[in-house]
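Same order as they appear, the protein sequences are chains A and B. If you're matching positions, the first sequence starts at 8 in our numbering and goes up one per residue. If you're matching positions, the second sequence starts at 90 in our numbering and goes up one per residue.
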Amino acid sequence: MCGIAGIMYKRSRSRGLAPVGDQLVKMLETMVHRGHDSAGVTVAGESLKSDLLIRIWADESVPAEATISLAKETVMRAGGAIVSAETQDSYLRLAVNYEGDVPRLAEALLQTPGVVLHSIGETSEVIKDVGTPVVMDARHGISKISGTHGVGHVRMATESKIDISHAHPFWAYPFTDVTVVHNGQLTNYHGMKREYESQGHHFQTENDSELIAVYLADKLALGVDLNTALEASLDDLDGTFTYLVSTRDGMGYAKDRWSAKPLVLMETDSVVALASEEVALRSVFTEELDRTEPQEHEVMTWSA
Amino acid sequence: MNRSIKAAVAEGVDDIVIKNPAARHNIAVGIRQSCKIMIEGSVGYYTASQLDGPEVSIVGNAGWALGENLMSGKITLSKNAGASVGASMRGGEMFVGGSAGARAGISMKGGTLLIAGDSGFLTGFMMQKGRIIVCGSVGDAAGDSMYEGTIYVGADVGSLGADAKYEEPTEDELIELWAELQRSGIDGKPRFRKIVSQKKLYHYDTLERLERTLI
């Protein structure tokens, strides 16, 4: 069991950014009974003064200080100009001006000892940690981040280890801003993973949910639009899943053919909110809601 | 909260109002005496489950497994229900004013589940007894692996599940159903389709080895 949540403010770029970080933390904390092993969010649509936002975690296979310093060197060698570099324990958040090829930069970073690449975004970043959402927020200040939209996850680990990198969201390497949170288990994970690896795709963890991110990356690389990619996933992915995807422009969901994992949806003229449980929506919207429950074999996408 | 409700009922209070439930889980669970409980707002998972006797009214939506294992009494929900509404219910009545999610009436063992709107995938999955009345449409795999019991559908059926079949309802059956709808405040006289088990999937007359030695 895991809990997922997403929120998107329509036309918020013109209306002004919303407290997306704070609201995701609230929704996730309300669903902490669905998983307290780890938590994570993607906040998208931030107002940034750089081309890219890079989120790195040093896995401590080498000393974290060395990884952080090597990662900065790698970015600069690839032609990136570092606008700001913030470190927090083994985390590195880099704001970078970069006009080159993002996959090339991502590849160079992955080759850097100790680097686990949590995300590269033009307008978004992935923040994830072990523990509960409130603990994560205290360490990373998520509730202070405004944006247009975002997704989040609380994890009860069922099939791979509990550590920072096995937490959600998973980034669809190397597509900027495409990240996934998933509730469920994928039963054709190993077969599809082997196939994708033979095609040169990267997996950074043993978590089955990472497959969804790689799957979407593969489809997007072929020029498939997000909605079509989500629809195709309903038949290509086997097992149980309700997952949310956040992109630069919006978000969407896909729900398996068994309707095995819950999701409630609330949509008004100004906001779309999704969560595994209505109680999470009520942590943000205090009045009674008009909400629906998406059914089996369904996808939907929205633009911010 | 459930302990408070039980204590109040034990002291003779028979009219209870719960305000601002805020979609929280497990509200009004395990009450086994007659009483009236009104819940003013949407509720979460397992609301009014394991009841034997109370009449529960909910003004709002409900999450998964509303009224699970209902033994007797009545549950009325004004809006939509999540998945597995009435799971394993053995008696009593349940009314959903909106639509229900997947697996409505899963493993139902008695009673009546009346849904004014639509019902989702696997309605009546493995049901063993009782009636599910859906005034709107049902999703795919309706009545999948049902042993006994009846599903009535007022509009479209996505598809029949394994071992389910259509049977023609009698005029008397329809008249009785329409009267039942009217009593629940539902207008219209839908020409219900009736779904029952083919009984090919289970072998009712095959006894276990131990059972054979007892005959």
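Glycine included, C-beta positions come from ideal geometry on N, C-alpha and C.
Looking only at C-alpha atoms, which of B:P258, B:G200, B:A111 sits nearest to G181 of chain B? As a first step, residue 181 of chain B must be located in the second sequence, where it is residue number 92. Out of B:P258, B:G200, B:A111, B:G200 has the C-alpha closest to the C-alpha of G181 of chain B.
At what residues does the alpha helix (DSSP H) containing P140 of chain A begin and finish? Here residue 140 of chain A is taken as the residue at index 133 of the first sequence, counted from 1. Counting along the chain, the alpha helix (DSSP H) containing P140 of chain A begins and ends at 140-147.
Can you list the beta strand (DSSP E) stretches of 3 or more residues lying completely in the region 230-276 of chain B, in chain order? Counting whole runs of 3 or more residues, the region 230-276 of chain B contains the beta strand (DSSP E) stretches 239-242, 253-256.
If I'm right that T204 of chain A touches S131 of chain B with Cβ under 8 angstroms, what's the distance once you round it to whole angstroms? The count along the first sequence starts at 1 and reaches residue 204 of chain A at position 197. The count along the second sequence starts at 1 and reaches residue 131 of chain B at position 42. It should be noted that the sequence gives Glu, not Thr, for residue 204 of chain A. The C-beta distance from E204 of chain A to S131 of chain B rounds to 45 angstroms, too long to meet the 8 angstroms contact threshold.
In the DSSP assignment, what are the bridge partners of K135 of chain A? Against the first sequence, residue 135 of chain A aligns to sequence position 128. For K135 of chain A, the beta-bridge partners assigned by DSSP are A:G47.
Can you give me the C-alpha to C-alpha distance between S19 of chain A and V188 of chain A, rounded to a whole angstrom? Mapped onto the first sequence, residue 19 of chain A falls at position 12. Mapped onto the first sequence, residue 188 of chain A falls at position 181. The alpha-carbon atoms of S19 of chain A and V188 of chain A are separated by roughly 22 angstroms.
I'd like to confirm the pairing. Which residues does DSSP put opposite E300 of chain B in its beta bridges? Mapped onto the second sequence, residue 300 of chain B falls at position 211. Answer by DSSP bridge pairing: none, since E300 of chain B is not bridged.
I'd like to know whether the C-beta of E295 of chain A is nearer than 8 angstroms to at least one C-beta of chain C. Structure shown: chain C not included; protein chains present are A and B.
Any beta carbon of chain B sitting closer than 8 angstroms to that of P120 of chain A? Reading the first sequence from its first residue, position 113 is the one you call residue 120 of chain A. By this cut-off, P120 of chain A is not an interface position.
Could you name the residues of the region 147-180 of chain B whose beta carbon sits closer than 8 angstroms to any beta carbon of chain A, in the order they occur along the chain? Contact residues of the region 147-180 of chain B toward chain A are G149, N150, G152, W153, N169, G171, A172 (C-beta to C-beta distance below 8 angstroms).
Can you tell me the Cβ-Cβ gap for G13 of chain A and L227 of chain A, rounded? I've got them flagged as a contact below 8 angstroms. Counting from one through the first sequence, the residue named residue 13 of chain A turns up at place 6. Counting from one through the first sequence, the residue named residue 227 of chain A turns up at place 220. Wrong, their Cβ atoms sit about 19 angstroms apart, outside the cutoff.
At 7 angstroms on the CB atoms, spell out the chain A contacts of A111 of chain B, in chain order. On the second sequence, position 22 is the one that residue 111 of chain B refers to. Going along chain A in sequence order, the residues near A111 of chain B (Cβ under 7 angstroms) are V286, R289.
Should the region 105-125 of chain A be regarded as contacting the region 145-157 of chain A, the criterion being three or more beta carbon pairs within less than 8 angstroms? No, because fewer than three Cβ pairs between the region 105-125 of chain A and the region 145-157 of chain A fall closer than 8 angstroms, the two stretches do not touch.
Are the CB atoms of I63 of chain A and H125 of chain A nearer to each other than 8 angstroms? By 1-based counting over the first sequence, the position of residue 63 of chain A is 56. By 1-based counting over the first sequence, the position of residue 125 of chain A is 118. In this structure, H125 of chain A lies closer than 8 angstroms to I63 of chain A by Cβ.
Thinking D263 of chain A and L241 of chain A are a contact (beta carbons under 8 angstroms), I'd like their distance in whole angstroms, please. The sequence position of residue 263 of chain A within the first sequence is 256, counting from 1. The sequence position of residue 241 of chain A within the first sequence is 234, counting from 1. By a beta-carbon distance limit of 8 angstroms, D263 of chain A contacts L241 of chain A. Their separation comes to about 7 angstroms.
Member of A:S310, A:L101, A:S57, A:V291 whose CA lies at the smallest distance from the CA of L77 of chain A: Taking the first sequence and counting its residues from 1, the one referred to as residue 77 of chain A is at position 70. Nearest neighbour of L77 of chain A by Cα position, chosen from A:S310, A:L101, A:S57, A:V291, turns out to be A:L101.
Using CA atoms only, rank isn't needed, just tell me which of A:V103, A:D96, A:V278 is closest to K135 of chain A. Here residue 135 of chain A refers to the residue found at position 128 of the first sequence. Checking every option, the nearest Cα to that of K135 of chain A belongs to A:D96.
Are there 16 or more other CB atoms within 10 angstroms of the CB of C256 of chain B, so buried, or fewer, so exposed? For the purposes of this step, residue 256 of chain B is identified with residue 167 of the second sequence, where counting begins at 1. The question names Cys, but residue 256 of chain B is Glu in the sequence shown. Burial call: exposed.
Going by CA-CA distance only, name the one from B:L266, B:A137, B:F281 that's closest to G274 of chain B. Start at 1 with the first residue of the second sequence, and residue 274 of chain B comes out as number 185. Taking only the C-alpha atoms, the option nearest G274 of chain B is B:L266.
Tell me, please, whether the region 156-164 of chain B touches the region 285-296 of chain A by the rule of three or more beta-carbon pairs shorter than 8 angstroms. No, they do not touch.
For the 8 angstroms Cβ check, are there 3 or more pairs between the region 103-115 of chain A and the region 46-55 of chain A? Judged by Cβ distances under 8 angstroms, the region 103-115 of chain A makes no contact with the region 46-55 of chain A, as fewer than three pairs qualify.
I'd like the span of the alpha helix (DSSP H) that includes M34 of chain A, first residue to last. Walking along the first sequence from the start, residue 34 of chain A turns up at place 27. Its alpha helix (DSSP H) spans residues 27-37.
May I ask you to list the residues that DSSP assigns as paired with A261 of chain A? Translated into the one-based positions of the first sequence, residue 261 of chain A becomes position 254. The partner list for A261 of chain A (beta bridge, DSSP) reads A:Y250, A:V306.
Give a yes or no on whether 8 angstroms exceeds the smallest Cβ distance from F210 of chain B to chain A. Walking along the second sequence from the start, residue 210 of chain B turns up at place 121. Nearest CB-CB separation between F210 of chain B and chain A: below the 8 angstroms threshold.
Closer than 8 angstroms between beta carbons: that is the criterion. Which residues of the region 117-131 of chain B meet it against chain A? Taking 8 angstroms as the upper bound on Cβ-Cβ separation, chain A lies near residues G130, S131 of the region 117-131 of chain B.
Give every residue of the same chain whose Cβ lies closer than 7 angstroms to the Cβ of W109 of chain B, excluding the five residues on either side of it in the sequence, and list them in chain order. Here the question's residue 109 of chain B lines up with position 20 in the second sequence. Residue identity check: residue 109 of chain B is Asn in the sequence provided, not Trp. Within the same chain, G130 come within 7 angstroms of N109 of chain B by CB-CB distance, once the 5 residues on both sides are set aside.
Leaving out five residues on either side along the sequence, give the residues of the same chain with a beta carbon under 7 angstroms from the beta carbon of P140 of chain A. Working through the first sequence from its first residue, we reach residue 140 of chain A at position 133. Answer for P140 of chain A: V32, L35, E36, V39, A46, V161, listed in chain order.
According to the neighbour-count rule (16 or more other Cβ atoms, all chains shown, within 10 Å of its Cβ), is H197 of chain A buried or exposed? One-based indexing of the first sequence puts residue 197 of chain A at position 190. H197 of chain A is exposed by the Cβ-count criterion.
Any idea what DSSP makes of T130 of chain A, helix, strand or coil? Mapped onto the first sequence, residue 130 of chain A falls at position 123. Three-state DSSP puts T130 of chain A in coil, outside helix and strand.
Run through the DSSP bridge pairs and tell me what Y98 of chain A is partnered with. Counting from 1 along the first sequence, the entry for residue 98 of chain A is found at position 91. Answer is A:W64, A:Q95.
Of the choices B:D261, B:T212, B:A244, whose alpha-carbon is the least far from that of S173 of chain B? In the second sequence, counting from the first residue as 1, residue 173 of chain B sits at position 84. Looking only at B:D261, B:T212, B:A244, the smallest Cα-Cα distance to S173 of chain B is reached by B:T212.
Member of A:K79, A:V27, A:T183, A:M8 whose CA lies at the smallest distance from the CA of R255 of chain A: Residue numbering aside, residue 255 of chain A sits at position 248 when the first sequence is read from its first letter. With distances taken between Cα atoms, R255 of chain A lies closest to A:T183.
N234 of chain A and T308 of chain A - do their beta-carbons sit closer together than 8 angstroms? By one-based count along the first sequence, residue 308 of chain A stands at place 301. By one-based count along the first sequence, residue 234 of chain A stands at place 227. For T308 of chain A and N234 of chain A, yes; Cβs fall inside 8 angstroms.
Determine the chain B residues that contact P269 of chain A at a beta-carbon separation under 9 angstroms, and present them in chain order. Here residue 269 of chain A corresponds to residue number 262 of the first sequence, with the count starting at 1. By Cβ distance, chain B contributes Y134, G152, W153, G171, A172, G190.
For chain B, check one thing: does any of its Cβ atoms lie closer than 8 angstroms to the Cβ of E300 of chain A? Within the first sequence, numbered from 1, the residue matching residue 300 of chain A stands at position 293. Proximity of E300 of chain A to chain B, defined by a Cβ-Cβ separation below 8 angstroms, is satisfied.
In chain order, what residues of the same chain have a beta carbon less than 7 angstroms from the beta carbon of D225 of chain A, not counting five sequence neighbours either side? Here residue 225 of chain A corresponds to residue number 218 of the first sequence, with the count starting at 1. Within the same chain, Y203, H208 come within 7 angstroms of D225 of chain A by CB-CB distance, once the 5 residues on both sides are set aside.
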